Amino acid sequence: MPYALKIALRYLTASKAQTGLLIAGVAVGVFVFIFMSALIGGLGVFLVQRTVGDISHVTVEAPGREAVSLLSDNPDILVVQQRGATQREQLRTADAFLPMIAAIPGIAATSQQIVGNGFLVRGQATAPVSVTGIEDNKVSAIADIEGNLVDGSTALTNSTVLIGSALAEDLGVSVGQVVRVQSDREAERTLVVGGIFELGVDALDARSAFVSLATARTLFELPQGISRIEIKLSDLNQADAVAARIASETGLKATPWTEGNASLLYGLSAQRNSGDLIKAFALITIIIGVASALLLSTYRRRSEIGIMRAMGASRGFIIFVFVTQGTLIGLIGGLVGAGLGYLSLSPFPVPELAPPGGLPVDVRQGSYGLAIALTTIGAILASILPARSAARVDPVTVIGQ
Amino acid sequence: MSALLEIRDLVKTYGEGEAETRVLRGLNLTLEEGELAALLGPSGSGKSTLLTILGTLMKPTSGTYMMLGEELTKASDRELTEFRNRHLGFVFQFHHLLPDFTALENVIFPTAVQQGRETAAARDRGRELLERVGLGHRIDYLSTSLSGGQKQRVAIARALMNRPELVLADEPTGNLDRESAEQVMDLIKEINENEKTTFLISTHDDKIADACKRQIRVKDGLAE
Ligand SMILES: Nc1ncnc2c1ncn2[C@@H]1O[C@H](COP(=O)(O)OP(=O)(O)OP(=O)(O)O)[C@@H](O)[C@H]1O
Ligand SMILES: [Mg+2]
Numbered sequence: 070m071p072y073a074l075k076i077a078l079r080y081l082t083a084s085k086a087q088t089g090l091l092i093a094g095v096a097v098g099v100f101v102f103i104f105m106s107a108l109i110g111g112l113g114v115f116l117v118q119r120t121v122g123d124i125s126h127v128t129v130e131a132p133g134r135e136a137v138s139l140l141s142d143n144p145d146i147l148v149v150q151q152r153g154a155t156q157r158e159q160l161r162t163a164d165a166f167l168p169m170i171a172a173i174p175g176i177a178a179t180s181q182q183i184v185g186n187g188f189l190v191r192g193q194a195t196a197p198v199s200v201t202g203i204e205d206n207k208v209s210a211i212a213d214i215e216g217n218l219v220d221g222s223t224a225l226t227n228s229t230v231l232i233g234s235a236l237a238e239d240l241g242v243s244v245g246q247v248v249r250v251q252s253d254r255e256a257e258r259t260l261v262v263g264g265i266f267e268l269g270v271d272a273l274d275a276r277s278a279f280v281s282l283a284t285a286r287t288l289f290e291l292p293q294g295i296s297r298i299e300i301k302l303s304d305l306n307q308a309d310a311v312a313a314r315i316a317s318e319t320g321l322k323a324t325p326w327t328e329g330n331a332s333l334l335y336g337l338s339a340q341r342n343s344g345d346l347i348k349a350f351a352l353i354t355i356i357i358g359v360a361s362a363l364l365l366s367t368y369r370r371r372s373e374i375g376i377m378r379a380m381g382a383s384r385g386f387i388i389f390v391f392v393t394q395g396t397l398i399g400l401i402g403g404l405v406g407a408g409l410g411y412l413s414l415s416p417f418p419v420p421e422l423a424p425p426g427g428l429p430v431d432v433r434q435g436s437y438g439l440a441i442a443l444t445t446i447g448a449i450l451a452s453i454l455p456a457r458s459a460a461r462v463d464p465v466t467v468i469g470q
Numbered sequence: 002m003s004a005l006l007e008i009r010d011l012v013k014t015y016g017e018g019e020a021e022t023r024v025l026r027g028l029n030l031t032l033e034e035g036e037l038a039a040l041l042g043p044s045g046s047g048k049s050t051l052l053t054i055l056g057t058l059m060k061p062t063s064g065t066y067m068m069l070g071e072e073l074t075k076a077s078d079r080e081l082t083e084f085r086n087r088h089l090g091f092v093f094q095f096h097h098l099l100p101d102f103t104a105l106e107n108v109i110f111p112t113a114v115q116q117g118r119e120t121a122a123a124r125d126r127g128r129e130l131l132e133r134v135g136l137g138h139r140i141d142y143l144s145t146s147l148s149g150g151q152k153q154r155v156a157i158a159r160a161l162m163n164r165p166e167l168v169l170a171d172e173p174t175g176n177l178d179r180e181s182a183e184q185v186m187d188l189i190k191e192i193n194e195n196e197k198t199t200f201l202i203s204t205h206d207d208k209i210a211d212a213c214k215r216q217i218r219v220k221d222g223l224a225e
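From first to last, the protein sequence lines stand for chains A and B.
Numbered by the numbering used here, the letters in the first sequence go through residues 70 to 470 in order.
Numbered by the numbering used here, the letters in the second sequence go through residues 2 to 225 in order.
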């Protein structure tokens, strides 16, 4: 064992209570660091999950038809553009694009949809709804209807409709009862309520109805083609990249979820920043704590240091002894704090599965390695000042005492 | 016998201006190899100052200090650290042992710090030295659990660890009772005789002074 390490260890073990307290202090700082990482990370996952969990990550639609002006910029001519309103924007050739989209890595599910607005009518009660026609074998591809079904089943036929619980309550209908669906294109169908779901998102629970693609075709008078393709990704942080790739490969309009959720993203980044600030303070506290404890120790051991210098210990040796102490304190405190952090975070369910109202800490996002590394580096930095002051002790001033 | 060290015109002044104290005023001194010399003089005459300069722990205001062919007043801190480690041993009035270490660990410190680790050879020599100073039964005791006389004997063993040419002892028996003081002095005499190690011992004790072969008196900043 290197001799300076032996002396450093002896110094640390000589005053066990003091060293123990110091390590405990460092461990608490590391614990705060890890807890903040897990909490901020977990909150992020939780909020994104809540917001994005049941919506499309990337939505592919037909590109808007913009008139192309053949006139060059001529100041003498005034051009007025008006968008054509007679043709609906639709994907007429979805089948051609689907294999291309499905081949892009990271895509978990696709869902072809026909969407439109209408009313749900039951006796005298009427409620506006957005009607979504979906493939009957992909009912839960985007929103987890299956997992949030409160009554009935998700089996979708051409004569059934799935509605949200709030909507069902408004209309006073339950599974097996009949409702009429009127579309904004004046078409009407009578359907049986096949299932009632509760996704926990107001817009979906109170305002949406899911029907089969065939039903939607007749309701919205769309004999061929679809309105859009909704896509679920395995990693929702890839939405921007995947959307850009789809747009460039297919020429279609691909919108990532991030586009309509700027305020959520802003909130998450603000949250991360405040988390980083708290973590920085935890680190600074550790550094100050280690520095002051070591400074006190160099002061207490002044005469020993002077004697070691007289006996032929170099300044470098003394510096090494004290920096090693700092390193060990940082490393051990870091390991203890990280271990405690992991143990105390483990019982919490991951945010994806956390019940509402629970603490959405994410044990996977504790940044354990980073916490240990930063703490050790911090402790090393903290020991430099005391070590240098120790190395400057003049043997002459302590020998006479 | 040839000269181990030679000091010429050594001046040491503490402080400046009004507070200036001229302690050594052009002192000359030669020590031969294998000498056993006592350093005498009233309190405040500059004995400790001289030993500190000889120990290379402090630089003189002016003058030269040659030892083993090296001019030490011009050496760097790094060179002096190594020189001390290899050629000088110290025994202080207050033993100055490292409190958290055992007797053996204290004794082998000068070798271990030079080699960067504690070797088996160093431990063997340390044990041998502790037996020589009559502490074979206290080898693994913490230094704090030893008596004053025992501590001072450990300090002597430590001073001898690297087989230095010169051991400087500043009132090594100043804190000991008569019996312990005599034991320590007998030990020094024995080592001086057997190993030809040079000793320079400052003391106020006539018995210690008489036990030495040579007496050097510091008076008015000069040696006589
Ligand atoms: N660091 C210092 N600063 C100023 N004056 C000092 C310093 N060290 C010693 N002196 C002075 O130098 C003189 C010599 O001191 P020194 O300790 O060498 O004497 P000494 O012969 O060892 O005395 P004693 O027998 O009491 O140990 C004294 O007057 C002392 O006050
Ligand atoms: Mg003195």
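The beta-carbon is built from N, C-alpha and C at its ideal position, and this holds for glycine as well.
Bear in mind the structure is a predicted one, so any value in this text is a computation, not a measurement.
- Shortest gap from the CB of K220/B to any heavy atom of ligand 2: 7 Å or more.
- CA-CA distance, A460/A to L89/B, rounds to 21 Å.
- In the DSSP assignment, D211/B forms no beta bridge with any residue.
- Taking a contact to require three or more Cβ pairs closer than 8 Å, the stretch 169-183 of chain B and the stretch 46-54 of chain B qualify as touching.
- Against Q115/B, the close residues of chain A are G381, in the order they occur along the chain (beta-carbon pairs closer than 7 Å).
- Scanning T201/A, A308/A, V392/A, A275/A for the CA closest to the CA of T195/A turns up A275/A.
- For the set A448/A, S180/A, K348/A, the Cα lying nearest the Cα of L400/A is the one of A448/A.
- The CB of P464/A comes closer than 8 Å to the CB of L58 in chain B, given here in chain order.
- Look at D206/B: its beta carbon is at least 7 Å from all of the heavy atoms in ligand 2.
- Taken from the Cβ of D171/B, at least one heavy atom of ligand 2 lies inside 7 Å.
- Using a Cβ distance threshold of 8 Å, A283/A and V230/A do not count as a contacting pair.
- Taking 8 Å as the upper bound for CB-CB distance, L223/B and R26/B are in contact here, some 6 Å apart.
- Going by DSSP, P325/A is part of no alpha helix (DSSP H) but of the beta strand (DSSP E) stretching over 322-325.
- For D141/B, the number of other beta carbons within 10 angstroms of its own is below 16, and it is reported as exposed.
- By alpha-carbon distance to V250/A, the top candidate from A312/A, D145/A, V190/A, T367/A is V190/A.
- Counting only runs of 4+ residues, the alpha helix (DSSP H) found wholly inside the stretch 396-465 of chain A occupies 437-460, in chain order.
- When Cβ-Cβ separations below 8 Å define contact, H97/B makes contact with chain A.
- Secondary structure note for S343/A: its alpha helix (DSSP H) is the uninterrupted segment 331-369.
- Looking at the backbone, the Cα of L98/B and that of A121/B are separated by about 21 Å.
- Against chain B, a Cβ distance below 8 Å from R79/A picks out D101, F102.
- DSSP places D239/A in the helix class (H, G or I) of the three-state scheme.
- Relative to ligand 2, K13/B has its C-beta separated by 7 Å or more from all heavy atoms.
- For S303/A, the three-state secondary structure derived from DSSP is coil.
- Taking a contact as a CB-CB distance under 8 Å, the pair G192/A and L225/A does not count as one, their CB atoms being some 24 Å apart.
- Rounded to the nearest angstrom, the Cβ distance from F391/A to A451/A is 10 Å, too far for a contact under 8 Å.
- Between the stretch 73-84 of chain B and the stretch 123-133 of chain B, the count of C-beta pairs closer than 8 Å stays below three; the two stretches do not touch.
- Residues of chain A whose Cβ lies closer than 7 Å to the Cβ of P111/B are, in chain order, M380, G381.
- When secondary structure is reduced to three states using DSSP, P168/A falls in the helix class.
- With a cut-off of 7 Å, the C-beta of V462/A is classified as distant from ligand 1, since no heavy atom of the ligand falls inside that distance.
- For P455/A, not one C-beta of chain B is nearer than 8 Å to its own C-beta.
- Neighbours of S49/B in chain A, taken as residues at a C-beta separation under 9 Å, are given in chain order as I468, G469.
- G294/A places its beta carbon less than 8 Å from that of L160/A.
- DSSP links G64/B through a beta bridge to no other residue.
- Contact annotation: in the stretch 409-420 of chain A, no residue has its CB less than 9 Å from a CB in chain B.
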